[in-house]
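Novice:
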């Protein structure tokens, strides 16, 4: 009987001790959660106002579709020109006012790029999605070389670039005349002409619109935009990269990028065999001259922040081609739509062009100073059109 009583006492003591430990543990957890919650409240009070969203997903489920810029516009009306929103595990601060955006982008603190699945695929190459020293060096180099190749307001190189543009305008108009009287989608034809201007500037080549290799390249560009959009959610919820169909899309992106890289590499190899350092023909020649000079000065390992030279040239060509073609094409499509819906404005521009330039030649940049109506119309088209609604994403550098 005594043994039984002792055993009962032991069990009671252990039970009491267990309850006490559990109580202490619950108190500890409560304190930790309270501290975390208080710190979180202090943190979010330092952020611009914005919607809370759901756990894990944040406000992502409300941003589905291709009209995110319109949703952001609605949120700006509610929360102001600077607001924050959490998309998955990413905190996003949205600037939706011209003055605010201008003031922010004047500061170097806002020149960074977010580290996302998209930037991981690019692996730090190119110029559009790089930051830091790489971005500064490439931006400076491109501005200088493109200016020398004609992207300026004066000089012989500008005249050469204008002649290339004029040639492509004539080719575009000929293709349109073949469809006279029939409904047509001008998007493909516009892309062809714009792409040839860009190709002549950066690679010194021009492709015929029936060229199968060039058609494939254009298809890869368009498909790339769609594929990256379809896996955009991975940027905000990284674990989704392991979802089978997302992995399949990512593999397709890698395959397409490899095919584009091979396309560019063929051109790089051809230029490497024929370029003259005293007479650069295009942007690719300018890069090859820069690489050769770096090798002669024993600083080749420092060029492009130590990255592979050919891969950097491939990505630069891809960046300039895709970004340049898509933005110019979208702007021209907006111009056509707005002119169709405002025939009086189109008539005023045509009358001014007939009076100042005539119909025996194409207008040039030199004529713009004498074309105030045309100049104002172009500016209004740029103001009204939505070319890149969300711009490119930025991150703070500190």
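Numbering (my numbering), first residue to last: 569 to 966. Beta carbons: idealized from backbone N, C-alpha and C, even for Gly. In this text, all values refer to a predicted model and were calculated from it rather than measured experimentally.
If we ignore side chains and look at the alpha-carbon of each, how far apart do residue 734 and residue 755 end up?
Specialist: Counting from one through the chain shown, the residue named residue 734 turns up at place 166. Counting from one through the chain shown, the residue named residue 755 turns up at place 187. Each residue's alpha carbon lies about 18 angstroms from the other.
Novice: Does the structure place the region 947-958 close enough to the region 893-901 that three or more beta carbon pairs sit under 8 angstroms?
Specialist: Judged by Cβ distances under 8 angstroms, the region 893-901 makes contact with the region 947-958, as three or more pairs qualify.
Novice: Entirely within the region 653-708 and at least 4 residues each: give me those alpha helix (DSSP H) ranges in chain order.
Specialist: DSSP runs (the alpha helix (DSSP H)) wholly in the region 653-708: 666-673, 685-690.
Novice: Could you tell me the alpha carbon to alpha carbon distance between residue 690 and residue 731, rounded to whole angstroms?
Specialist: Within the chain shown, numbered from 1, the residue matching residue 690 stands at position 122. Within the chain shown, numbered from 1, the residue matching residue 731 stands at position 163. Those two C-alpha atoms are separated by around 34 angstroms.
Novice: Would you mind listing the beta strand (DSSP E) stretches within the region 619-653 that are 3+ residues and don't spill past its ends, in chain order?
Specialist: Within the region 619-653, no complete beta strand (DSSP E) run reaches 3 residues.
Novice: What does the alpha-carbon distance come out to for the pair residue 946 and residue 802?
Specialist: For the purposes of this step, residue 946 is taken as the residue at position 378 of the chain shown. For the purposes of this step, residue 802 is taken as the residue at position 234 of the chain shown. Straight-line Cα distance between these residues: approximately 38 angstroms.
Novice: Helix, strand or coil: which one does DSSP assign to residue 963?
Specialist: Working through the chain shown from its first residue, we reach residue 963 at position 395. It is a strand residue.
Novice: What does a CB cutoff of less than 8 angstroms around residue 966 pick up in its chain, not counting 5 residues either side in sequence?
Specialist: If you number the chain shown from 1, residue 966 lands on position 398. Within the same chain, residue 966 has close Cβ partners 677.
Novice: Under 7 angstroms, do residue 887 and residue 695 count as touching if we go by C-beta distance?
Specialist: The count along the chain shown starts at 1 and reaches residue 887 at position 319. The count along the chain shown starts at 1 and reaches residue 695 at position 127. For residue 887 and residue 695, yes; Cβs fall inside 7 angstroms.
Novice: Grab the span of the alpha helix (DSSP H) containing residue 794 for me, first residue to last.
Specialist: Mapped onto the chain shown, residue 794 falls at position 226. From DSSP, the alpha helix (DSSP H) with residue 794 extends over 780-798.
Novice: Could you compute how far the alpha carbon of residue 882 sits from the alpha carbon of residue 949?
Specialist: Start at 1 with the first residue of the chain shown, and residue 882 comes out as number 314. Start at 1 with the first residue of the chain shown, and residue 949 comes out as number 381. Taking the straight line from one Cα to the other gives about 33 angstroms.
Novice: In three-state terms, what does DSSP make of residue 832?
Specialist: Residue mapping note: residue 832 aligns to position 264 of the chain shown, counting from 1. Correct three-state label for residue 832: helix.
Novice: Tell me which residue opens and which closes the alpha helix (DSSP H) that residue 940 is part of.
Specialist: By 1-based counting over the chain shown, the position of residue 940 is 372. That run of the alpha helix (DSSP H) goes 940-952.
Novice: Whose CA, out of 922, 765, 911, lies closest to the CA of residue 889?
Specialist: Residue mapping note: residue 889 aligns to position 321 of the chain shown, counting from 1. Per the Cα distances, 765.
Novice: When you compare only the Cα positions, how much space is there between residue 853 and residue 793?
Specialist: Numbered from 1 along the chain shown, position 285 holds the residue referred to as residue 853. Numbered from 1 along the chain shown, position 225 holds the residue referred to as residue 793. If I take the Cα positions, the gap works out to 28 angstroms.
Novice: Considering only heavy atoms of the ligand HEM, does any lie closer than 6 angstroms to the CB of residue 854?
Specialist: As presented, the structure is devoid of all ligands, the ligand HEM included, so that no description of it is given.
Novice: In whole angstroms, give me the CA-to-CA distance for residue 837 and residue 824.
Specialist: The residue given as residue 837 occupies position 269 in the chain shown. The residue given as residue 824 occupies position 256 in the chain shown. Roughly 20 angstroms separates the two Cα atoms.
Novice: Looking at the unbroken alpha helix (DSSP H) that takes in residue 909, where does it start and where does it end?
Specialist: For the purposes of this step, residue 909 is identified with residue 341 of the chain shown, where counting begins at 1. Residue 909 -> alpha helix (DSSP H) spans 877-909.
Novice: Is residue 614 helix, strand or coil by DSSP?
Specialist: As a working note, residue 614 is residue 46 in the chain shown. Reduced to three states, the DSSP call for residue 614 is coil.
Novice: Taking all protein chains shown into account, decide if residue 666 is buried (16 or more other Cβ within 10 angstroms of its Cβ) or exposed.
Specialist: As a working note, residue 666 is residue 98 in the chain shown. The residue is exposed, with fewer than 16 neighbouring Cβ atoms inside 10 Å.
Novice: In whole angstroms, what is the alpha-carbon distance linking residue 848 and residue 865?
Specialist: Taking the first residue of the chain shown as 1, we reach residue 848 at position 280. Taking the first residue of the chain shown as 1, we reach residue 865 at position 297. Their Cα atoms are separated by approximately 20 angstroms.
Novice: How far does the alpha helix (DSSP H) with residue 758 in it reach, from first residue to last?
Specialist: If you number the chain shown from 1, residue 758 lands on position 190. It spans 755-770 - the alpha helix (DSSP H) in which residue 758 sits, taken as one unbroken run.
Novice: I'd like to know if the region 604-618 and the region 633-642 are in contact, where contact means that at least 3 CB-CB pairs between them fall below 8 angstroms.
Specialist: Output reads no: the region 633-642 does not touch the region 604-618.
Novice: Would residue 569 be called buried (16 or more neighbouring beta carbons within 10 Å of its own) or exposed?
Specialist: Taking the first residue of the chain shown as position 1, residue 569 is located at position 1. With a pLDDT of only 47 at residue 569, under 50, the local geometry of the prediction cannot be trusted, and no value is derived from it.
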